[in-house]
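Single-structure report; data block below.
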Amino acid sequence: EERQKGPNCRAKARGSLSELDVNRPGLAHLRGKIGQPRPLFSGIHSNLQLCILRFLTAKEIVQTVQLLSKEWRQLSEHPALWRWFEARGLPLKCRIKILKNLVERRGKGKVFTGEMRGSKTPVILRQVLLDTTNAGFDDGIPTSLLREISYLTQISHPNVAKFLAAEVVGKTLNICQVRGDYSLRDYIKRHGQGAAYQMSLPTIKSLLTQLLSGLTELHQKSFMHRNLKPENLMVNKDGHLFITDFALSKFASLPHSVYTPEDPKERDRSGREASRLWYRAPELLLRKEMYGFEVDLWAVGCLLAELALGHPLSNGDSEIEQLFKVFKFVGVPEVGFPLQTKAFPKWSKINFTDICGPRHEALAAALIPGRESTFDLLQRLSNSVGAEGLDLLQKLLETDPEKRLTTVQALAHPFLQGEPQGSLVEFRPRSETHLAQLLEWEETNIPTGDYWKKQPALNTTMRSILVDWLIDVSVHFEVSDDTLHIAVGLVDRALEVIPVERAHLQLVGVACMKLADVLNEKSKEYYRQENSIEYAYITADEYSPREVVSMEKKVLSAIGFKTLTPNTLWFLNLYKEELQVEEETSHISKYLADLMLLRHELIGIRPSLLASAILFLACCVTGQFPNKQMAPMYTPAEFTRTVTCVKEVWMDARTNPLMTRYEAINHKHGEIDPEGMWPPPTQDFQWWNSE
Numbered sequence: 001e002e003r004q005k006g007p008n009c010r011a012k013a014r015g016s017l018s019e020l021d022v023n024r025p026g027l028a029h030l031r032g033k034i035g036q037p038r039p040l041f042s043g044i045h046s047n048l049q050l051c052i053l054r055f056l057t058a059k060e061i062v063q064t065v066q067l068l069s070k071e072w073r074q075l076s077e078h079p080a081l082w083r084w085f086e087a088r089g090l091p092l093k094c095r096i097k098i099l100k101n102l103v104e105r106r107g108k109g110k111v112f113t114g115e116m117r118g119s120k121t122p123v124i125l126r127q128v129l130l131d132t133t134n135a136g137f138d139d140g141i142p143t144s145l146l147r148e149i150s151y152l153t154q155i156s157h158p159n160v161a162k163f164l165a166a167e168v169v170g171k172t173l174n175i176c177q178v179r180g181d182y183s184l185r186d187y188i189k190r191h192g193q194g195a196a197y198q199m200s201l202p203t204i205k206s207l208l209t210q211l212l213s214g215l216t217e218l219h220q221k222s223f224m225h226r227n228l229k230p231e232n233l234m235v236n237k238d239g240h241l242f243i244t245d246f247a248l249s250k251f252a253s254l255p256h257s258v259y260t261p262e263d264p265k266e267r268d269r270s271g272r273e274a275s276r277l278w279y280r281a282p283e284l285l286l287r288k289e290m291y292g293f294e295v296d297l298w299a300v301g302c303l304l305a306e307l308a309l310g311h312p313l314s315n316g317d318s319e320i321e322q323l324f325k326v327f328k329f330v331g332v333p334e335v336g337f338p339l340q341t342k343a344f345p346k347w348s349k350i351n352f353t354d355i356c357g358p359r360h361e362a363l364a365a366a367l368i369p370g371r372e373s374t375f376d377l378l379q380r381l382s383n384s385v386g387a388e389g390l391d392l393l394q395k396l397l398e399t400d401p402e403k404r405l406t407t408v409q410a411l412a413h414p415f416l417q418g419e420p421q422g423s424l425v426e427f428r429p430r431s432e433t434h435l436a437q438l439l440e441w442e443e444t445n446i447p448t449g450d451y452w453k454k455q456p457a458l459n460t461t462m463r464s465i466l467v468d469w470l471i472d473v474s475v476h477f478e479v480s481d482d483t484l485h486i487a488v489g490l491v492d493r494a495l496e497v498i499p500v501e502r503a504h505l506q507l508v509g510v511a512c513m514k515l516a517d518v519l520n521e522k523s524k525e526y527y528r529q530e531n532s533i534e535y536a537y538i539t540a541d542e543y544s545p546r547e548v549v550s551m552e553k554k555v556l557s558a559i560g561f562k563t564l565t566p567n568t569l570w571f572l573n574l575y576k577e578e579l580q581v582e583e584e585t586s587h588i589s590k591y592l593a594d595l596m597l598l599r600h601e602l603i604g605i606r607p608s609l610l611a612s613a614i615l616f617l618a619c620c621v622t623g624q625f626p627n628k629q630m631a632p633m634y635t636p637a638e639f640t641r642t643v644t645c646v647k648e649v650w651m652d653a654r655t656n657p658l659m660t661r662y663e664a665i666n667h668k669h670g671e672i673d674p675e676g677m678w679p680p681p682t683q684d685f686q687w688w689n690s691e
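Start counting the sequence shown at 1; every next residue gets the next number (full-length UniProt numbering).
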């Protein structure tokens, strides 16, 4: 009734309800004879009661209404009420009931346990002070947190931590995800310590299966965790395990790129950081820059041993000590690290399962006395997991990454047969799983390009000028082509949801380039970051560092931290890797991929289709066609239209004065002389896109 009488009456109703306070004399008529408040809305349908409560703020409900009585508290904790508040942008901190302050560290900020109001879901809330974590300077979201949030928004699996929300409020970043009852470290301790430790074989198998299932999901989506350890695995009272803490995770694109090595200053570690070494693969300890998902499988092997033993398999205080302990147990690798391992004793590799069979005595003779600790560990492991468990352990702790098991192979091992594994993922080549993931994201994460009606102050020419400038910036900062394409994708997604004045278009562009840089380039997080100062400077100080950071936060909030936008270059690189195209063809296709960024008409074309058309035309120029054929993903009509669009843009770049003025792209690709290269004549391309 109040809603129909107009806003003034609604304001009065809101004011009267917001003043509820059981301690005020004016509310004495709400109390019964025994001093308990009577239900104000008795006899009114519960849905109408909830509608009335919506006139209050969340703060008023928590600080006033919930204190009135048990009935009021139950009504004000109704899930529907808090879903209504959440849908209207209620700040994350207001949606959580804080229960306990767990920890307060400079790098991690404050960590709280709590529960979501309404649903009662147990959660962890991390509050990160962005200036404090960066030596007193707010440079935006650091690499580790940006990657963690971006990746978790793309993952939904029962054995991976459920991400609930993230928000930036001023200089504070709030991250919320579902909480587990114990860390795996604490869960292991609950099964005894030392000689009293005992975890049943079914429990070990169940936990290992869940870990491998969650890890399979990550790897199928092209994510490496890179920091699996007991502290980063949560276990509920019912034995449900899930993976958490993605601060060191990385999206593994194809082809493989160089990854960030461990920083030299990390050699001297605190005890908390040193434990990370115990689960790191030899290739990481030896600071190899090219590695893959195999590093996570080594950690799984270490965790399997720890579940069986009740303590870490090896616990070195430094990289060197850890390598000594690892090689003493598994043997020094004969290939792969000849220079790094020549200083180690010549410990030979052994067969773990010999401890269980007739070769037991021979194994004892080979290991005692020099490697007696290895023999003792194998004895204890055998008693816990048997020969099949030891065989799986050895295949996970393989020092040659190429011979190490994958998650799918590990789940199919006889040791885990009979365990409930849900729907097992069929083993497929890396290129197939990566392509499948990009195609899935392509359905939801790419911009449509239909945003000009929402941007009356902008036009397509302004966007082209901005993209040309971003190409120049990418050359100046020496960032990868991937980073450039990610940045332009973020610009288009931001323009779809954020109204932008003409004077701020360049600010959106530079903020998105900074975001892409922090997300995709090698992390420099060990040191104080001043990226915003550098990117503000590149605008000729048109904007201040504070404005760059503010726009970055605004963009992230607007797109829900979903920064992984599939782009043409990702698909193009994947196709080139699969088809093994010639270098000349590769250079031309890169130029065309950059050229297509300049034209807004192509935003709505699926990147996978655009990449295929680009590669086809590049092959037409060089005459170097691959032996393989492309996978059929499009109709002939779709492919024909796209090839025609690419040729038209290419021709415009040679003849249209509005396009020829963009010099940054020609300067970047000067080695192939783009100004002297013309689109090829139309050729029969039916074979390119057919069975």
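No residue lacks a Cβ here, since even glycine has one placed at the ideal position from N, Cα and C.
Whole-angstrom Cβ separation of residue i and residue j, contact assumed at under 8 Å?
i	j	result
residue 716	D186	Any property of residue 716 remains undetermined from this structure, which presents the chain solely from 1 to 691.
R599	V649	5 Å
I672	I614	Their Cβ separation, rounded to whole angstroms, is 14 Å, which puts I672 and I614 out of contact at 8 Å.
P679	L617	7 Å
K553	V168	4 Å
T133	I124	In fact, because the Cβ distance is near 18 Å, the residues do not count as touching under 8 Å.
N445	L564	6 Å
H219	F293	5 Å
S249	R147	6 Å
L396	A410	7 Å
I175	A166	5 Å
Y279	V235	No, Y279 and V235 are not in contact; Cβ-Cβ is about 17 Å, not under 8 Å.
V510	N531	That pair is no contact at about 10 Å.
Kindly indicate which residue of the options has the alpha-carbon position closest to the one of residue i.
i	options	result
G449	G676, D376, A503 and E601	E601
N232	E478, K514, W441 and V300	V300
P202	Q193, G109 and A308	A308
I355	S348, A366 and E442	A366
G370	L304, K110 and S348	S348
Q529	K514, K395, Q624 and A664	K514
A516	F251, Q49 and K120	F251
F327	T374, P681, I96 and A494	T374
residue 701	C620, H191, K453 and A165	The structure shown does not extend to residue 701, since the chain spans only 1 to 691, so no value can be given for it.
L392	S612, L416 and T143	L416
S523	S144, L90, A80 and F137	S144
M677	Y662, R654 and A664	R654
M116	F85, G331 and D138	F85
V385	F352, H360, R404 and T399	F352
When we look at the beta-carbon of residue i and count the other beta-carbons within 10 Å, is it buried (16 or more) or exposed?
i	result
T568	buried
N8	Residue placement at N8 cannot be trusted, given a pLDDT of 46 that sits under 50; the coordinates are not used to answer.
T407	buried
G389	buried
D245	buried
E372	exposed
W688	buried
E289	exposed
I98	exposed
E573	For the sequence presented, residue 573 should be read as Asn rather than Glu. Under this definition N573 is a buried residue.
F242	buried
W72	buried
Q193	exposed
L381	buried
N159	buried
V581	buried
H667	exposed
Y151	buried
N101	exposed
Who does residue i pair with in a DSSP beta bridge?
i	result
G114	I98 and V123
L129	T172
Y182	V235
Taking the runs of the alpha helix (DSSP H) that are 4 residues or longer, which of them lie wholly in the region 371-398?
Counting only runs of 4 or more, we get 372-396.
Counting only runs that start and end within the region 538-616, where is the alpha helix (DSSP H) found for 4 or more residues in a row?
Contiguous alpha helix (DSSP H) elements confined to the region 538-616 occur at 545-558, 568-579 and 583-597, taking only those with 4 or more residues.
Can you give, in chain order, each stretch of the alpha helix (DSSP H) that sits fully within the region 446-496 and has at least 4 residues?
For the alpha helix (DSSP H) assignment, the uninterrupted runs of no fewer than 4 residues enclosed by the region 446-496 are, from N- to C-terminal side, 460-476.
To test your reading of the DSSP string, which unbroken alpha helix (DSSP H) runs of 4 or more residues are found completely within the region 312-350?
Contiguous alpha helix (DSSP H) elements confined to the region 312-350 occur at 319-330 and 338-341, taking only those with 4 or more residues.
Which runs of the alpha helix (DSSP H) spanning at least 4 residues fall entirely within the region 143-178, listed in chain order?
Those alpha helix (DSSP H) runs which fall completely within the region 143-178 and span 4+ residues are 143-152.
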